[in-house]
Structure formats: C-alpha cells, structure tokens
Amino acid sequence: MVMFLFLVVALAVVVAAVTLAVVGGGDNSPLPEAAPERLRDPLPPDRPVDRADVEGLRFPLAARGYRMADVDDALSRLGAELAERDARIADLESALAGARSASAHGPVHTAGDNHVSMDKPAPRPEDRP
C-alpha cells in the first residue's frame, strides 16, 4: 500500500512539473512560429546546370515528404535545359551530316592541288543570338 501511495504522489509531482514547464514557461507569449524550411542550394540561375549541381541538390523535408513547389521548379528547370541541349545536339548532328555529304560530293582534287581555304564560313541563322 505504501508503494502504491508513493507511485501516485510521484506521478502527481511529475504531471505538475510538466504542466508548469509547458504553461508557465517564463513570459506569457506563445512560442514563435518556425520559419518554413526552404531550398538551401537552388540551381544556379546564371549558368547551365551541370552534373555536380544535380548531385548536390537537396530538397527540404515538409510535413508529408518534400515541398512540391521546390521539386517542381527544379524538375522543370532541368527539363528545359535538357530540351535545349537535345535541340543543340540535333542541330550539330545535322550540320555534321551536311558537312560529310558535302565533302563526299565535293569537287575532286588532283594530287598536286593541296590548297586549304582559310576563309571563315558565313554564320548560319541558327548560330545568331
């Protein structure tokens, strides 16, 4: 019986101490709102994204996973840059194929004619800004 009484008193002391700590924790103002966690290292806006940028990208955690807006922004940026690179690769491949076909069907040079032109080719419309 003494042990039961001791446990009840100890439990009452613990509950009272926790209640006083939570309710009367110094001044009577509520706890300040925590600032929402944001993306710490966003993708660089002034240059193309490279592999190290993607590997170093870390999304902050939200209540149910990651912040959808941060992930959507990063994925749309990566998608746009990949599309730009794919278009540039396709342009370069078509230019290379055109140059190869032009050299295959170009004029036949004699063995003594080793002339190399140093003229700069005219800029193409797709190379202009």
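Heads up, the sequence shown is in this note's numbering, so the first residue is 77 and it goes up one at a time. Backbone N, C-alpha and C fix where the C-beta goes; we use that ideal spot for every residue, glycine too.
C-alpha of F80 to C-alpha of V91: approximately 17 Å in a straight line. For L119 against L133, the beta-carbon gap comes to about 7 Å, under 8 Å, which counts as contact. 8 Å or more divides the Cβ of E169 from the Cβ of V125.
A distance of 8 Å or more separates the beta carbons of D149 and F135.
Closest by C-alpha distance to D122, out of V94, A88, G141, R153, is R153. D146: member of the alpha helix (DSSP H) spanning 144-180, first to last residue. Just so you know, the alpha carbons of V85 and V78 end up roughly 11 Å apart. When secondary structure is reduced to three states using DSSP, L87 falls in the helix class. Residue state for L96 is assigned as helix, using DSSP reduced to three classes.
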